[in-house]
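Engineer: In UniProt numbering, the protein residues as written are 1 to 564.
Backbone N, C-alpha and C fix where the C-beta goes; we use that ideal spot for every residue, glycine too.
Computed from a predicted structure; not experimentally measured.
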Amino acid sequence: MGATKEIPLPHADSHNAAFAEFKHHTSGQRVVSDFAVLELLRKTHPEYHVTTVDPKNCALLEFANAGKATATLNPTDDAFNATRTWQPVGTGTSKKSHPGELTDHIRFAQYTYTWDSRDFLLYETEWTDMLRPPTKLFYILSPRPSTSGHSPATDALLLAAGKWSSALHSEIYVFDNAHWTKSKALWTAVHGSTWDSVILDAAMKQSLISDVLGFFDAQPLYSELAVPWKRGIILHGVPGNGKTISIKALMCALYARDIPIPSLYVKSFENCKGPQASIQSIFAQARASAPCLLVFEDLDSLVQDESRSYFLNEVDGLDDNEGILMVGSTNHLERLDPAIARRPSRFDRKYWFKVPGVKEREAYAAYWKRKLEGSGAGGRVEFPEGLCRVVGALTEGFSFAYLKELFVMALLTVARGGVVVDADENEEKDDKETKGEAAPAEHGNPWAEERKKDETTPNDSSEVPETETACTCCKAHVQLRTQEVSDTMKQPTANDAVNNTKNTREIPDVEIPPELRDNAFLRVIKHQIKILLAEMDNTAEEEWSSEKAPKQDRGRVPRRGECL
1 MGATKEIPLP HADSHNAAFA EFKHHTSGQR VVSDFAVLEL LRKTHPEYHV
51 TTVDPKNCAL LEFANAGKAT ATLNPTDDAF NATRTWQPVG TGTSKKSHPG
101 ELTDHIRFAQ YTYTWDSRDF LLYETEWTDM LRPPTKLFYI LSPRPSTSGH
151 SPATDALLLA AGKWSSALHS EIYVFDNAHW TKSKALWTAV HGSTWDSVIL
201 DAAMKQSLIS DVLGFFDAQP LYSELAVPWK RGIILHGVPG NGKTISIKAL
251 MCALYARDIP IPSLYVKSFE NCKGPQASIQ SIFAQARASA PCLLVFEDLD
301 SLVQDESRSY FLNEVDGLDD NEGILMVGST NHLERLDPAI ARRPSRFDRK
351 YWFKVPGVKE REAYAAYWKR KLEGSGAGGR VEFPEGLCRV VGALTEGFSF
401 AYLKELFVMA LLTVARGGVV VDADENEEKD DKETKGEAAP AEHGNPWAEE
451 RKKDETTPND SSEVPETETA CTCCKAHVQL RTQEVSDTMK QPTANDAVNN
501 TKNTREIPDV EIPPELRDNA FLRVIKHQIK ILLAEMDNTA EEEWSSEKAP
551 KQDRGRVPRR GECL
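1. With DSSP as the reference, label L403 as helix, strand or coil.
2. Is R287 near the ligand SAM, going by C-beta to nearest heavy atom under 8 Å?
3. Am I right that V303 and I340 are in contact with their C-beta atoms under 8 Å? What's the rounded C-beta distance?
4. Taking L325 as the reference, give the member of W368, F216, F521 with the closest Cα.
5. In the DSSP assignment, the alpha helix (DSSP H) including G162 goes from what residue to what residue?
6. Using 10 angstroms around the beta-carbon of G242, count the other beta-carbons present and answer buried if the total reaches 16, otherwise exposed.
7. Flag this pair as touching only if the segment 254-268 and the segment 283-295 have three or more C-beta atom pairs under 8 Å; answer yes or no.
8. From the DSSP output, in three-state form, read off P143 for me.
9. Which residue comes first and which comes last in the alpha helix (DSSP H) that contains R389?
10. Determine the closest residue to P356 out of E373, R343, E396, with distance taken between C-alpha atoms.
11. Does the beta-carbon of C58 have 16 or more other beta-carbons within 10 angstroms, so that it is buried, or is it exposed?
12. Between the segment 227-237 and the segment 346-360, do at least 3 Cβ pairs fall closer than 8 Å?
13. With a cut-off of 8 Å on the beta carbons, I'd call K139 and L60 a contact; round off their distance for me.
14. Please give me, in chain order, every unbroken run of the alpha helix (DSSP H) with length at least 4 that falls completely inside the UniProt domain "AAA+ ATPase" (229-357).
15. Tell me the residue span of the beta strand (DSSP E) that contains L131.
16. When the Cα of K136 is compared with those of S142, E126, P143, which residue comes out closest?
17. Spatial neighbours of P550 within its chain, please: C-beta separation below 7 Å, excluding the five flanking residues on both sides.
18. Starting from the C-beta of L250, find all residues in its chain whose C-beta is less than 6 Å away, skip the five residues before and the five after it, and write them out in chain order.
19. Per DSSP, what kind of secondary structure is E126 in: helix, strand or coil?
20. Cα separation between P275 and F283?
21. Whole angstroms is fine: what's the gap from residue 610's alpha carbon to N271's?
22. Using a Cβ-Cβ cutoff of less than 8 Å, which residues in the same chain neighbour D319 once the five nearest sequence positions on both sides are dropped?
23. In or out: A185 buried (at least 16 other Cβ within 10 Å) or exposed?
24. Is there contact here, the segment 358-371 with the segment 386-396, by at least three beta-carbon pairs under 8 Å?
25. By the 10 Å Cβ neighbour count, where 16 or more other Cβ atoms means buried, how is Q285 classified, buried or exposed?
26. Mind checking T44: buried by the 16 CB within 10 Å criterion, or exposed?
27. Go ahead and pull the three-state DSSP assignment for A71.
28. Just to confirm my understanding: we take D316, look at its own chain, exclude 5 residues before and 5 after, and list those with CB closer than 7 Å. What are they?
29. Go through the segment 168-225 residue by residue and report every complete run of the alpha helix (DSSP H) that reaches 4 residues or more, in order.
30. Using only alpha-carbon positions, find the residue among Q280, D34, G214, T330 that is nearest to T108.
31. Under 8 Å by Cβ, that's how I've got H49 and S151 pegged, so tell me the actual separation to the nearest angstrom.
32. Assuming L141 and F175 make a contact with CB atoms under 8 Å, what is their CB distance in whole Å?
33. Identify the residues that DSSP records as bridge partners of D119: which are they?
34. Return the first residue and the last residue of the beta strand (DSSP E) that N65 is part of.
35. Buried or exposed, going by whether 16 or more other CB atoms sit within 10 Å of the CB of K96?
36. What residue from P514, V524, F383, L312 has the CA that sits closest to residue 591's CA?
Here it is in structure tokens:
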């Protein structure tokens, strides 16, 4: 597409004068920079009409990169401001061998912008005013029309680019750090997720799919019944049982519709203006994007006491939430406020993601069998159909996350050519270690000798009396009750070891069919099951050391001499 004849070519003198004015302004005292830049461009380009454009609503450069227009950076000597940086290219090992690429963070530059056989001048600018985040604006210059007011050519371009920018292009909206971004990385992670890879109870799975997909097909029915076209769903249950992968499958299915349904994913409410500002921004974007899927992952940690009332008002207040389907996930349904979890018209349905039963575990094993056959690696692994039933019986109490780890580790062992010889030969030794009996130290093993020395040699390095302990933050001696200290410092006894085995999980006693008793892959799986059972944390959840600090202490820096 060539430039029209009536459009004058950009003059270097005009551009240099504009840059000089911009440099002068950004080097001195500023109050309203966007207006100052507008005025300096009007002054230096009197033959052009100048329009200020917000890139968040009209992504002109992305519009050009998508092939809808062309943007050519005009060559200049020093009349530009940009920071040139290096960044890696590729993923995994390919990133190590690729030389990378150079990119420019532009703060002032001029482009020749061509759209619909019309040429424009485009200025890309960015600056930082005091106590404010960086401001980025475009300025479009088109030949001044004979009439006053807006430029018809510029308005036509902005309508086309704005409409394109409002849609998602292999992206998902993500709210984090108090603002929305379009994430291609999340879309890549979600893309390709199908319900075939989601192993759930068949009835619950079908109900969830119908609930979500049916909502977006039912707008006429909602209108006929005179009820608001909005809905809320809560996915709850212990971690690792399919909530996140179900959300991914929902996002992918909605994106693949004839008219794609956008997904909005909320990571946090954190905002220097307070969580209320974030909640307002989240629902404003959802209303603008409706019909849409609005996802709140870990809902119980997002909605705190200080923001609960505002959140409920946005969910079920006077504002119109037509076409918004909210999905909230939580590992702790009991921690959600009853006004959220139990009140109809906010979150109407709740789906419980339980620890998989034997049928689901067998189905998950069959899923991995199909996955191996489809990848071409099935020839290296003997995976008969009957093995799925055995794995389902051996993995009682396993979540889907543990089942995935089991198959990944077992297949990696096979891929490395590992043969689990000691799975049966050392079974007695493994059982003893699992039950708390110490295995005999090997003769000449320096680690065993050092451990034995440490256990028999008293620790004289501590200067804290037996009835005191040292605070980890201020090193002050804190008096404790003698009974508490003695209970903590006493050496474990044989009775303690026996008591500790009460919570230790063991492999279920499963009858192995004769044709599978010599199966090498089954031997590897049994060995990995032992390892996973030994590593499973049986600590009560309320005793987890990773629990959040009390809210009044969260994020607070202790004063001198104070212990939190």
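Structural biologist: Working from what's here:
1. One-based indexing of the sequence shown puts residue 403 at position 403. Residue state for L403 is assigned as helix, using DSSP reduced to three classes.
2. This structure lacks the ligand SAM; in fact it carries no ligand of any kind.
3. If you number the sequence shown from 1, residue 303 lands on position 303. If you number the sequence shown from 1, residue 340 lands on position 340. Indeed, because the Cβ distance is near 7 Å, the residues count as touching under 8 Å.
4. Residue 325 sits at position 325 when you count from the first residue of the sequence shown. Measuring from the Cα of L325, the nearest candidate turns out to be F216.
5. Reading the sequence shown from its first residue, position 162 is the one you call residue 162. Looking at the DSSP string, the run of the alpha helix (DSSP H) that includes G162 is 152-166.
6. Within the sequence shown, numbered from 1, the residue matching residue 242 stands at position 242. Around the beta carbon of G242, 16 or more other beta carbons lie within 10 angstroms, which makes this residue buried.
7. In this structure the segment 254-268 lies against the segment 283-295, because at least three pairs of beta carbons, one per stretch, are closer than 8 Å.
8. What you label residue 143 is simply residue 143 of the sequence shown in a count that begins at 1. In the structure shown, P143 adopts extended strand secondary structure according to DSSP, grouped into three states.
9. Numbered from its first residue, the sequence shown carries residue 389 at position 389. Unbroken alpha helix (DSSP H) run through R389: 386-394.
10. By 1-based counting over the sequence shown, the position of residue 356 is 356. Closest option to P356, Cα to Cα, is E396.
11. As a working mapping, residue 58 is identified with position 58 in the sequence shown. Under this definition C58 is a buried residue.
12. The segment 227-237 makes contact with the segment 346-360: 3 or more CB pairs, one atom from each, lie closer than 8 Å.
13. By one-based count along the sequence shown, residue 139 stands at place 139. By one-based count along the sequence shown, residue 60 stands at place 60. The sequence as given places Tyr at residue 139; Lys does not occur at that position. With a beta-carbon spacing of about 11 Å, Y139 and L60 fall beyond the 8 Å limit used to define contacts.
14. If one requires a minimum length of 4 residues, the alpha helix (DSSP H) runs lying completely within the UniProt domain "AAA+ ATPase" (229-357) are 243-255, 275-289, 299-302, 305-316, 338-341, in chain order.
15. Position 131 of the sequence shown, counted from the start, is the residue given in the question as residue 131. Looking at the DSSP string, L131 is not in any beta strand (DSSP E), and its letter there is neither H nor E.
16. Counting from 1 along the sequence shown, the entry for residue 136 is found at position 136. For K136, the nearest C-alpha among the options comes from E126.
17. As a first step, residue 550 is located in the sequence shown; it is residue number 550 there, counting from the start. Note that P550 has pLDDT 40, beneath the 50 cutoff, so the model's placement of it is unreliable and no number is given.
18. Here residue 250 is taken as the residue at index 250 of the sequence shown, counted from 1. For L250, same chain residues with a beta-carbon under 6 Å away, outside a window of 5 residues either side, are V212 in chain order.
19. Translated into the one-based positions of the sequence shown, residue 126 becomes position 126. Strand, per DSSP.
20. Here residue 275 corresponds to residue number 275 of the sequence shown, with the count starting at 1. Here residue 283 corresponds to residue number 283 of the sequence shown, with the count starting at 1. Between P275 and F283, the C-alpha separation is close to 13 Å.
21. As shown, the chain starts at 1 and ends at 564. That puts residue 610 outside it, with no answer to give.
22. Start at 1 with the first residue of the sequence shown, and residue 319 comes out as number 319. F283, R287, listed in sequence order.
23. Working through the sequence shown from its first residue, we reach residue 185 at position 185. The Cβ neighbour count for A185, taken over all protein chains shown within 10 Å, is under 16; the residue is labelled exposed.
24. As far as the Cβ criterion goes, the segment 358-371 touches the segment 386-396, which means the pair count is three or higher.
25. Here residue 285 is taken as the residue at index 285 of the sequence shown, counted from 1. By the 10 Å Cβ count, Q285 comes out buried.
26. For the purposes of this step, residue 44 is taken as the residue at position 44 of the sequence shown. With 16 or more other Cβ atoms within 10 Å, it is buried.
27. Within the sequence shown, numbered from 1, the residue matching residue 71 stands at position 71. Three-state DSSP puts A71 in a strand.
28. Position 316 of the sequence shown, counted from the first residue, corresponds to residue 316. Excluding positions up to five away in sequence, the list reads S345, R346.
29. Entirely contained in the segment 168-225, the alpha helix (DSSP H) runs reaching 4 residues are, in chain order, 184-190, 202-217, 219-225.
30. Position 108 of the sequence shown holds residue 108. A quick correction: the sequence has Phe, not Thr, at residue 108. Closest option to F108, Cα to Cα, is D34.
31. Here residue 49 refers to the residue found at position 49 of the sequence shown. Here residue 151 refers to the residue found at position 151 of the sequence shown. Between H49 and S151, the beta carbon gap of about 4 Å places them in contact (Cβ cut-off 8 Å).
32. Position 141 of the sequence shown holds residue 141. Position 175 of the sequence shown holds residue 175. The C-beta distance from L141 to F175 rounds to 34 Å, too long to meet the 8 Å contact threshold.
33. Within the sequence shown, the letter at position 119 stands for residue 119. D119 is bridged to T114.
34. Translated into the one-based positions of the sequence shown, residue 65 becomes position 65. Per DSSP, N65 belongs to no beta strand (DSSP E); it is in the alpha helix (DSSP H), 60-65.
35. The count along the sequence shown starts at 1 and reaches residue 96 at position 96. In summary, K96 is exposed, with fewer than 16 beta-carbon neighbours lying within 10 Å of its beta-carbon over all protein chains present.
36. Beyond the ends of the chain as shown, which are 1 and 564, falls residue 591; an answer cannot be given.
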